[in-house]
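Protein chains: 2
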Amino acid sequence: MARNFTDVCKSMGISPSITRRMIYEYIENAKTHPTAEEIYRSLIDTLPTLSKTTVYNVVNLFLENDLLIAINTSNNEKRYELMHDSHSHFICKNCNKIYDIPKISTSYNADSIPDFRIDNEEVNLYGLCPECMKK
Amino acid sequence: MARNFTDVCKSMGISPSITRRMIYEYIENAKTHPTAEEIYRSLIDTLPTLSKTTVYNVVNLFLENDLLIAINTSNNEKRYELMHDSHSHFICKNCNKIYDIPKISTSYNADSIPDFRIDNEEVNLYGLCPECMKK
DNA sequence: GTCCTTGCAAAGCGTTTGCACAGAA
DNA sequence: TTCTGTGCAAACGCTTTGCAAGGAC
Chain Z
39 MARNFTDVCK SMGISPSITR RMIYEYIENA KTHPTAEEIY RSLIDTLPTL
89 SKTTVYNVVN LFLENDLLIA INTSNNEKRY ELMHDSHSHF ICKNCNKIYD
139 IPKISTSYNA DSIPDFRIDN EEVNLYGLCP ECMKK
Chain A
39 MARNFTDVCK SMGISPSITR RMIYEYIENA KTHPTAEEIY RSLIDTLPTL
89 SKTTVYNVVN LFLENDLLIA INTSNNEKRY ELMHDSHSHF ICKNCNKIYD
139 IPKISTSYNA DSIPDFRIDN EEVNLYGLCP ECMKK
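Protein chains in written order, with our numbering: chain Z, 39 to 173; chain A, 39 to 173.
Here's what the structure looks like:
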């Protein structure tokens, strides 16, 4: 784990509840940037009273504190990942899962769009993931 | 116009109705990749009986025929653009509009993700557009 | 007549909001 | 007590679906 979860919560001014910890660790360990639904389904056995509202509450709290990033998919659902060192994404056209891949560098010329303020860049590759290629 | 709309429809096997033509041309001329709502609002004066269902019907028809591309925004709404020569996107964090910018080249190494089939790549820049910078 | 285009109404689905209850401090 | 965390139920917003009416051929 990059940072201690308790410390992370302290810096946000919130308590490191078991629910928040489990959601955080699930997202951290998931390989393919889970949706709220996937988080909910995966944790409902361990946290039987968990509700989707709580998943959204917690995830949005993490988003506001720049602990997470949300990615919008073609299903109009969001996938979440921990904010971490920059990297690029591979998005499977078939299963919609998102994979982290080594950062792909670009060479953009800020002069070509002088009136825009550029804050960050993003590179995405699209295609078929290994699982979907087998089918 | 890159291609004659009537010919485009012929190749899709559909008729070049006035509704389809107006939607096509609106998307073609819009600078900032309109949403279904924006298309609807902009055409309702000229086509008073237009419904959002028809906007979605037509847009989805165009999507299936690779005439359009849909981009998913953080509001969980889709923005549409004509499929055209490759370019990159600037996405305004404030107003969510999407601007075409000259294509930004990347240098990705397909060998680093050997098990994936890569079909296409995409580069997005995020920041503030000229209009939002004034405010 | 058949087929295609359009659009009203309703449903679907991911997400957010209102609000209340329980537990911690 | 007051504040925080959680979660049910309802609302919300974008999009899709069911289906029917009108027009083209």
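Where a beta carbon is used, it is the ideal one built from N, C-alpha and C, also for glycine.
- Inclusion of E119 (chain A) and I109 (chain A) in the CB contact set at 8 Å is warranted, their separation being smaller than that value.
- Checking the DSSP bridge columns, you'll see L163 (chain Z) partnered with Z:F128, A:E159.
- For the C-beta of R117 (chain Z), not a single chain A residue is nearer than 9 Å; the gap to the nearest is close to 11 Å.
- Contact of M171 (chain A) with chain Z by beta-carbon distance below 9 Å involves D153, F154, R155.
- For a Cβ distance threshold of 9 Å, residue set Y146, S150, I151, F154 of chain Z lies close to I139 (chain A), ordered along the chain.
- S112 (chain A) belongs to the set of residues whose beta carbon lies under 8 Å from a beta carbon in chain Z.
- In the three-state scheme derived from DSSP, where H, G and I count as helix and E and B as strand, D138 (chain A) is classed as strand.
- Distance check between K173 (chain A) and each of A:D149, A:C133, A:S145 places A:C133 closest, using alpha-carbon atoms only.
- Buried is the label assigned to H71 (chain A), since at least 16 other Cβ atoms lie within 10 Å of its Cβ.
- Judged by DSSP secondary structure, N67 (chain Z) falls within the alpha helix (DSSP H) whose first and last residues are 56 to 67.
- Shown here for E76 (chain Z): same chain residues with a beta carbon closer than 8 Å to its own, the five before and five after excluded, namely A68 in chain order.
- Between the alpha carbons of P140 (chain A) and L106 (chain A) lies a gap of roughly 19 Å.
- K90 (chain Z) has a beta carbon lying at 8 Å or more from every beta carbon in chain A.
- Annotation: E102 (chain A) has no Cβ neighbours in chain Z at a cutoff of 9 Å; minimum Cβ distance is about 13 Å.
- A contact is defined here as three or more CB-CB pairs under 8 Å, and the stretch 124 to 133 of chain Z meets this definition with respect to the stretch 158 to 172 of chain Z.
- Not flagged as an interface residue toward chain A: P72 (chain Z), since no C-beta distance is shorter than 8 Å.
- Counting along the chain, the unbroken beta strand (DSSP E) around E119 (chain Z) starts and ends at 116 to 120.
- Secondary structure of T144 (chain A) (DSSP, three-state): strand.
- A residue is called buried once 16 or more other Cβ atoms fall within 10 Å of its Cβ, and T44 (chain A), having fewer, is exposed.
- Per the coordinates, the alpha-carbon of E159 (chain A) lies some 30 Å from the alpha-carbon of R59 (chain A).
- Residues of chain Z with a Cβ closer than 9 Å to the Cβ of C133 (chain A) do not exist, since the nearest Cβ in that chain sits about 12 Å away.
- Taking the beta carbon of Y164 (chain Z) as reference, the chain A residues within 9 Å of it are I156, D157, N158, E159, E160, listed in sequence order.
- Assigned with DSSP and collapsed to three states, I52 (chain A) falls in coil, not helix or strand.
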